[in-house]
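Undergrad:
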Amino acid sequence: MQKSLHLDPAKCTGCLQCEMACSYEKLGEFNPSRSVIKVFTFHEEGRFAPYTCTQCDEAWCLRACPVDAITMDLSSGAKVVIDDKCVGCKVCTISCPFGTINYVQETGKVAKCDLCGGDPECAKACPTDAITYIDANATGYDRMKAFAEKSLPSANTTS
Amino acid sequence: MSWTRKILRVNLTTGSIATEPLNMEWANAYLGQRGLATKYLVEETDPNVDALSPENIFIMATGPLTGTMASTGGRYSVITKSPLTGAIACSNSGGFIGNEFKNAGLDMIIFEGKSPTPVYLYIENDIVELKPADDLWGKSAWEADAMIHAKHQDPNLKIAVVGRPAEAGCLYASVMNDLHRAAGRSGVGTVMASKNLKAVAVRGTKGVKGLDNPAEFFKTVSDGKKVLADNAVTGEGLPAYGTQVLMNVINGVGGLPARNMRDVGFEGAENISAEAMHEPRASDGKPNLTTNGACFGCTIACGRISTVDKTHFSVKDKPQYHGASGGLEYEAAWSLGADTGIDDIDALTYVNFICNEDGLDPITFGCTVAAAMELFEDGKISLEETGGIELRFGSAEALVASVEAVVAGTEFGKILGMGSKRMCEKYDAPELSMTVKGQEFPAYDPRGIQGIGLAYATSNRGACHLRGYTIASEILGIPVKTEQADSDGKPELVKAFQDATALVDSAGLCIFTTFAWGMEDIAPQIDAACEGDWSVDKCLEAGERIWNMERQYNNAAGFTADDDTLPKRLLKEAIKSGPTEGQVSKLGEMLPIYYEVRGWTPQGVPTPDTLSRLGLS
Ligand code: SF4
Ligand code: SF4
Numbered sequence: 001m002q003k004s005l006h007l008d009p010a011k012c013t014g015c016l017q018c019e020m021a022c023s024y025e026k027l028g029e030f031n032p033s034r035s036v037i038k039v040f041t042f043h044e045e046g047r048f049a050p051y052t053c054t055q056c057d058e059a060w061c062l063r064a065c066p067v068d069a070i071t072m073d074l075s076s077g078a079k080v081v082i083d084d085k086c087v088g089c090k091v092c093t094i095s096c097p098f099g100t101i102n103y104v105q106e107t108g109k110v111a112k113c114d115l116c117g118g119d120p121e122c123a124k125a126c127p128t129d130a131i132t133y134i135d136a137n138a139t140g141y142d143r144m145k146a147f148a149e150k151s152l153p154s155a156n157t158t159s
Numbered sequence: 160m161s162w163t164r165k166i167l168r169v170n171l172t173t174g175s176i177a178t179e180p181l182n183m184e185w186a187n188a189y190l191g192q193r194g195l196a197t198k199y200l201v202e203e204t205d206p207n208v209d210a211l212s213p214e215n216i217f218i219m220a221t222g223p224l225t226g227t228m229a230s231t232g233g234r235y236s237v238i239t240k241s242p243l244t245g246a247i248a249c250s251n252s253g254g255f256i257g258n259e260f261k262n263a264g265l266d267m268i269i270f271e272g273k274s275p276t277p278v279y280l281y282i283e284n285d286i287v288e289l290k291p292a293d294d295l296w297g298k299s300a301w302e303a304d305a306m307i308h309a310k311h312q313d314p315n316l317k318i319a320v321v322g323r324p325a326e327a328g329c330l331y332a333s334v335m336n337d338l339h340r341a342a343g344r345s346g347v348g349t350v351m352a353s354k355n356l357k358a359v360a361v362r363g364t365k366g367v368k369g370l371d372n373p374a375e376f377f378k379t380v381s382d383g384k385k386v387l388a389d390n391a392v393t394g395e396g397l398p399a400y401g402t403q404v405l406m407n408v409i410n411g412v413g414g415l416p417a418r419n420m421r422d423v424g425f426e427g428a429e430n431i432s433a434e435a436m437h438e439p440r441a442s443d444g445k446p447n448l449t450t451n452g453a454c455f456g457c458t459i460a461c462g463r464i465s466t467v468d469k470t471h472f473s474v475k476d477k478p479q480y481h482g483a484s485g486g487l488e489y490e491a492a493w494s495l496g497a498d499t500g501i502d503d504i505d506a507l508t509y510v511n512f513i514c515n516e517d518g519l520d521p522i523t524f525g526c527t528v529a530a531a532m533e534l535f536e537d538g539k540i541s542l543e544e545t546g547g548i549e550l551r552f553g554s555a556e557a558l559v560a561s562v563e564a565v566v567a568g569t570e571f572g573k574i575l576g577m578g579s580k581r582m583c584e585k586y587d588a589p590e591l592s593m594t595v596k597g598q599e600f601p602a603y604d605p606r607g608i609q610g611i612g613l614a615y616a617t618s619n620r621g622a623c624h625l626r627g628y629t630i631a632s633e634i635l636g637i638p639v640k641t642e643q644a645d646s647d648g649k650p651e652l653v654k655a656f657q658d659a660t661a662l663v664d665s666a667g668l669c670i671f672t673t674f675a676w677g678m679e680d681i682a683p684q685i686d687a688a689c690e691g692d693w694s695v696d697k698c699l700e701a702g703e704r705i706w707n708m709e710r711q712y713n714n715a716a717g718f719t720a721d722d723d724t725l726p727k728r729l730l731k732e733a734i735k736s737g738p739t740e741g742q743v744s745k746l747g748e749m750l751p752i753y754y755e756v757r758g759w760t761p762q763g764v765p766t767p768d769t770l771s772r773l774g775l776s
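Just so you know, the protein sequences line up as chains B and U, in that order. Just so you know, we're using the numbering used here here: the first sequence kicks off at 1 and counts up by one. Just so you know, we're using the numbering used here here: the second sequence kicks off at 160 and counts up by one.
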């Protein structure tokens with residue numbers, strides 16, 4: 001079964017445990033500025049939203065890379081940057097419609113979410129289940145269920 | 160190690176900026192943040208300095224767990240001498256800036272002297288510059304925050320900043336960070352402004368690394384998070400209701416003071432409670448509470464994000480306050496509400512926004528307004544002196560006008576800006592100031608709840624609930640239930656809470672974790688992150704050492720046992736009604752025992768034995 005990251009902004013508290021987990025997994029240090037999952041705060045609205053790569057099937061970044069530095073991890077479906085091949089040309093960052101692949105000054109390469117080899121650390125670190133790693137075919141089911149519940153005949157009308 | 164081992168020293172008089180290694184011998188004895196920065200303060204300044212003179216120093220400090228994945232590990236503190244109390248000041252704040260300091264490679268920043276002109280400190284990793292702040296001076300904390308973000312075109316800058324009351328010398332100005340988090344108490348913002356330092360803006364991308372034992376760290380940290388998640392207070396109560404979960408509870412047990420502590424029990428408590436914040440309002444069908452939010456790394460997420468009813472008189476013509484922002488926490492809801500007799504939740508939320516926007520401690524501000532209301536009702540302040548504000552208990556209009564007066568710096572605003580002690584002395588009614596060592600009380604009545612009275616009286620920074628939160632035990636039964644009306648056993652309880660809290664504050668963690676965590680949960684996390692052996696015993700001893708060091712500072716600054724007291728009202732005027740009717744504070748019984756338990760003389764001075772046991776001689 002292929003799995004996907006499922007992001008639910010309504011549950012997010014903006015704690016950044018996910019960003020710390022991500023940076024520790026990738027760099028061995030707590031460095032939210034280098035996390036490839038990002039949590040945005042919408043202050044006036046009082047909302048927080050985690051966001052990262054959705055691992056497009058036909059990935060723009062993968063197609064755009066002139067040196068084939070982005071490949072697919074066949075077990076997880078993640079599009080993965082091969083650091084040794086990346087020349088830092090940034091074409092992928094232009095092609096990605098979502099902005100989830102970005103250049104990193106410190107390394108001269110790009111970085112994106114690779115699903116941690118199929119065991120994403122952010123999902124494990126999130127205390128509110130705003131990030132979960134679930135069946136890729138079912139990421140809409142929780143919302144579907146919420147609407148299904150609304151469609152239930154109420155106790156009054158059935159009695 | 161989980162210290163970066165680096166300190167930034169900024170001399171504002173000369174403009175010199177230097178880094179120096181952290182004193183690791185001290186770190187090993189005082190851990191970090193509150194304890195360690197106080198050690199620097201004690202070593203580097205005379206306790207008798209005028210708090211607002213260039214000779215006072217101003218320290219922003221992180222703890223070893225700040226910037227790590229330990230839950231709530233994002234805190235920082237401001238340590239200096241308080242202009243409100245003349246005692247040690249240490250104000251702790253969450254939000255996100257603590258991590259940013261750590262990620263810029265800094266354990267703490269020590270500011271000395273006074274800049275000849277307004278400046279702000281800009282830090283981007285190793286780039287550290289004092290920049291002119293003439294254009295920021297005279298601006299609110301929020302406006303200055305926006306201007307600095309715009310100047311540097313960096314939305315990720317984290318900013319600590321003071322507002323206009325701090326500049327004007329209001330004695331309880333806070334240092335705001337991340338818009339609605341505050342190093343709130345004891346006037347630390349006033350000290351910052353007295354140095355002509357408007358703001359500190361920091362961006363850190365170096366990474367926090369070098370855990371002493373990573374495998375052990377992740378294990379202890381996950382265990383800790385599980386304890387928080389499984390606990391009813393930290394796992395359910397605080398995320399859903401915030402600290403405001405206490406309003407109805409404390410009122411119900413006869414512990415909620417009202418109307419400048421003239422009464423205990425507030426008939427309007429329900430209207431300003433957590434439950435009320437969840438109620439949809441008539442005008443737009445939305446509740447006051449928009450969502451809960453977390454500070455950096457916090458898996459509790461007690462923070463309130465709220466809106467004011469757009470049709471409310473306070474914001475009707477002010478669209479800039481129609482968005483969501485930091486909402487009411489319990490202490491602010493009490494001081495702005497119950498203590499003033501006001502049960503209008505929109506007025507309280509608006510005034511709380513203003514306290515955040517311009518950097519005011521809402522506890523001291525609310526209590527000062529409450530004292531002014533009593534002065535007014537007793538005929539001791541005239542309508543002319545208030546600038547036309549009808550300062551009656553229960554008047555939301557008066558509260559709103561008062562906060563606007565303090566921000567605008569009107570004649571009466573300046574009087575309110577003195578705090579209740581100086582204000583009540585000015586009007587010849589010192590007995591109406593509800594303070595210890597010049598600092599106003601938080602939201603628990605020492606007559607109805609005995610231990611907290613002793614904690615207030617002996618708190619090193621003046622009246623404060625965060626120096627020894629015995630409410631946990633006396634009301635909530637954490638870690639064990641003690642009777643709120645009993646004075647027996649309270650000296651021991653107060654000491655235990657004070658020492659443990661000093662250590663938690665020094666680690667970089669939030670005190671709210673201790674609703675669920677004991678030292679046996681906390682020490683292993685510190686031990687795994689830091690070099691050295693941080694056993695439970697060592698942590699508790701360090702806590703006690705920190706407490707005694709603060710006490711010595713205060714004693715040297717001229718405080719004596721006579722200052723470990725409560726206002727006459729709380730010692731003599733019995734509670735008039737409700738479940739705690741007839742009670743007064745039994746401080747007189749508890750205090751001598753407390754001194755003994757602490758290993759202090761009957762005059763409240765640590766004995767030579769105590770000092771040598773703690774390595775303080
Ligand atoms: S860990 Fe979860 S709750 Fe915290 S910021 Fe990330 S997504 Fe939001
Ligand atoms: S418990 Fe509340 S105050 Fe403490 S760190 Fe978490 S959100 Fe911040």
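Just so it is clear, CB atoms sit at the ideal spot from N, CA and C, and this is done for glycine as well.
DSSP three-state label for residue 698/U, please.
TA: Here residue 698/U refers to the residue found at position 539 of the second sequence. Here residue 698/U sits in helix by DSSP.
Undergrad: In chain order, which alpha helix (DSSP H) runs of at least 4 residues are fully inside the stretch 60-97 of chain B?
TA: List check, alpha helix (DSSP H) in window: 60-64, 91-95.
Undergrad: Could you tell me whether the stretch 399-410 of chain U touches the stretch 354-372 of chain U, where touching means 3 or more Cβ pairs closer than 8 Å?
TA: At 8 Å Cβ cutoff, the stretches do not touch.
Undergrad: Say the cut is 8 Å; is the CB of residue 253/U nearer than that to a heavy atom of ligand 3?
TA: Looking at this structure, you won't find ligand 3 anywhere; what it does contain is ligand 1 and ligand 2.
Undergrad: Our contact map puts residue 315/U next to residue 362/U with C-beta atoms below 8 Å; I'd like the distance itself, whole angstroms only.
TA: Start at 1 with the first residue of the second sequence, and residue 315/U comes out as number 156. Start at 1 with the first residue of the second sequence, and residue 362/U comes out as number 203. About 6 Å separates the two Cβ atoms, so the contact holds.
Undergrad: Tell me which same chain residues have a C-beta within less than 6 Å of the C-beta of residue 545/U, skipping the five on either side of it?
TA: As a working note, residue 545/U is residue 386 in the second sequence. Once the five neighbours on either side are set aside, the close Cβ partners of residue 545/U are 571.
Undergrad: What whole-angstrom Cβ distance do residue 59/B and residue 122/B have, given they're in contact under 8 Å?
TA: Start at 1 with the first residue of the first sequence, and residue 59/B comes out as number 59. Start at 1 with the first residue of the first sequence, and residue 122/B comes out as number 122. The Cβ separation is near 20 Å, so there is no contact.
Undergrad: Pop quiz: residue 92/B and residue 101/B are said to be a contact at Cβ under 8 Å. What is the actual Cβ separation, rounded to whole angstroms?
TA: Residue mapping note: residue 92/B aligns to position 92 of the first sequence, counting from 1. Residue mapping note: residue 101/B aligns to position 101 of the first sequence, counting from 1. That belief holds up - the Cβ atoms of residue 92/B and residue 101/B are roughly 5 Å apart, short of 8 Å.
Undergrad: State the Cα-Cα distance for the pair residue 31/B and residue 87/B, rounded to the nearest angstrom.
TA: If you number the first sequence from 1, residue 31/B lands on position 31. If you number the first sequence from 1, residue 87/B lands on position 87. Looking at the two C-alpha atoms, the distance is approximately 24 Å.
Undergrad: With DSSP as the reference, label residue 759/U as helix, strand or coil.
TA: Translated into the one-based positions of the second sequence, residue 759/U becomes position 600. In the structure shown, residue 759/U sits in a strand (DSSP, three-state: E or B).
Undergrad: Name the two residues that bound the continuous alpha helix (DSSP H) containing residue 678/U.
TA: Reading the second sequence from its first residue, position 519 is the one you call residue 678/U. Looking at the DSSP string, the run of the alpha helix (DSSP H) that includes residue 678/U is 678-688.
Undergrad: Less than 8 Å between the CB of residue 454/U and some heavy atom of ligand 1, yes or no?
TA: Translated into the one-based positions of the second sequence, residue 454/U becomes position 295. Result no, Cβ not under 8 Å from ligand 1.
Undergrad: My understanding is that residue 680/U touches residue 251/U, with C-beta atoms under 8 Å, so please give their C-beta distance in whole angstroms.
TA: Start at 1 with the first residue of the second sequence, and residue 680/U comes out as number 521. Start at 1 with the first residue of the second sequence, and residue 251/U comes out as number 92. Not really, about 19 Å apart at Cβ, beyond 8 Å.
Undergrad: From residue 158/B to residue 641/U, what distance separates their C-alpha atoms?
TA: For this step, residue 158/B is matched to residue 158 along the first sequence. For this step, residue 641/U is matched to residue 482 along the second sequence. In this predicted model, residue 158/B has a pLDDT of only 47, less than 50, meaning its place in the structure is not dependable enough to derive any value.
Undergrad: Which residues, taken in chain order from the stretch 426-457 of chain U, show a beta carbon closer than 7 Å to some beta carbon of chain B?
TA: Against chain B - using a Cβ distance shorter than 7 Å - the residues of the stretch 426-457 of chain U are 449, 450, 451, 452, 453, 455, 456, 457.
Undergrad: Shorter than 9 Å from the beta carbon of residue 31/B to some beta carbon of chain U?
TA: Numbered from 1 along the first sequence, position 31 holds the residue referred to as residue 31/B. It does; some Cβ of chain U falls within 9 Å.
Undergrad: Given residue 422/U, which residues of its chain have a CB within under 6 Å of its CB, disregarding the five upstream and five downstream residues?
TA: Here residue 422/U refers to the residue found at position 263 when the second sequence is read from its first residue. Nothing listed; no residue qualifies.
Undergrad: What are the residues that DSSP puts in a beta bridge with residue 221/U?
TA: If you number the second sequence from 1, residue 221/U lands on position 62. Answer is 235/U.
Undergrad: In whole angstroms, what is the alpha-carbon distance linking residue 650/U and residue 702/U?
TA: Here residue 650/U refers to the residue found at position 491 when the second sequence is read from its first residue. Here residue 702/U refers to the residue found at position 543 when the second sequence is read from its first residue. For residue 650/U and residue 702/U, the distance between alpha carbons rounds to 16 Å.
Undergrad: Would residue 125/B pass as an interface residue toward chain U - the criterion being a Cβ-Cβ separation below 9 Å?
TA: On the first sequence, position 125 is the one that residue 125/B refers to. With 9 Å as the cut-off, residue 125/B counts as an interface residue toward chain U.
Undergrad: Report the start-end ranges of each alpha helix (DSSP H) in the stretch 422-502 of chain U that is 4 residues or longer and not cut off at the edges.
TA: For the stretch 422-502 of chain U, whole alpha helix (DSSP H) runs of length 4 or above, ordered along the chain, are 433-437, 489-495.
Undergrad: Of the residues 527/U, 473/U, 474/U, which one's Cα is nearest the Cα of residue 499/U?
TA: Along the second sequence, one-based indexing puts residue 499/U at 340. The candidate whose alpha carbon is nearest that of residue 499/U is 527/U.
Undergrad: Taking just the CA atoms, how far does residue 551/U sit from residue 531/U?
TA: Position 372 of the second sequence, counting from 1, holds the residue named residue 531/U. Position 392 of the second sequence, counting from 1, holds the residue named residue 551/U. Those two C-alpha atoms are separated by around 9 Å.
Undergrad: Within 10 angstroms of its Cβ, does residue 723/U collect 16 or more other Cβ (buried), or is it exposed?
TA: Taking the second sequence and counting its residues from 1, one reaches residue 723/U at position 564. Under this definition residue 723/U is a buried residue.
Undergrad: Compare the C-beta of residue 336/U with all C-beta atoms of chain B and state if any pair is closer than 9 Å.
TA: Here the question's residue 336/U lines up with position 177 in the second sequence. No - not a single Cβ of chain B is within 9 Å of the one on residue 336/U.
Undergrad: Between residue 14/B and ligand 1, is the CB less than 8 Å from at least one heavy atom?
TA: In the first sequence, the residue the question calls residue 14/B occupies position 14. Within the cutoff, so yes.
Undergrad: With a threshold of 9 Å between beta-carbons, can residue 34/B be considered close to chain U, or not?
TA: Working through the first sequence from its first residue, we reach residue 34/B at position 34. It does: the Cβ of residue 34/B has a partner Cβ on chain U nearer than 9 Å.
Undergrad: Throw me the rounded Cβ distance for the residue 667/U and residue 163/U pair, which I believe falls under 8 Å.
TA: In the second sequence, counting from the first residue as 1, residue 667/U sits at position 508. In the second sequence, counting from the first residue as 1, residue 163/U sits at position 4. Not quite, the Cβ-Cβ distance comes to about 12 Å (not below 8 Å), so this is no contact.
Undergrad: In chain B, what lies closer than 8 Å to residue 384/U by C-beta?
TA: In the second sequence, the residue the question calls residue 384/U occupies position 225. Correct list: 127.
Undergrad: Kindly say whether residue 160/B, judged by its beta-carbon, lies nearer than 9 Å to any beta-carbon of chain U.
TA: The shown model of chain B, from 1 to 159, leaves out residue 160/B, and the question about it has no answer.
Undergrad: Restricting to runs no shorter than 4 residues, where is the alpha helix (DSSP H) found entirely within the stretch 521-602 of chain U?
TA: The qualifying runs are 521-536, 555-567, 570-575, 579-585.
Undergrad: Kindly indicate which three-state DSSP category residue 370/U falls into: helix, strand or coil?
TA: If you number the second sequence from 1, residue 370/U lands on position 211. Coil, per DSSP.
Undergrad: Apply the 10 Å Cβ neighbour rule to residue 298/U and answer buried if 16 or more other Cβ atoms are within range, or exposed otherwise.
TA: For the purposes of this step, residue 298/U is identified with residue 139 of the second sequence, where counting begins at 1. Counting Cβ neighbours within 10 Å, residue 298/U comes out buried, since at least 16 surround it.
Undergrad: Among residues of its own chain, excluding the 5 on either side of residue 209/U, which ones have a beta-carbon nearer than 8 Å to its beta-carbon?
TA: Your numbering for residue 209/U matches position 50 in the second sequence. Correct list, in chain order: 215.
Undergrad: Under 9 Å, do residue 273/U and residue 213/U count as touching if we go by C-beta distance?
TA: Residue numbering aside, residue 273/U sits at position 114 when the second sequence is read from its first letter. Residue numbering aside, residue 213/U sits at position 54 when the second sequence is read from its first letter. Yes.
Undergrad: Look up residue 135/B in the DSSP assignment and give the residues it is bridged to.
TA: For the purposes of this step, residue 135/B is identified with residue 135 of the first sequence, where counting begins at 1. DSSP output for residue 135/B lists 3/B as bridge partner(s).
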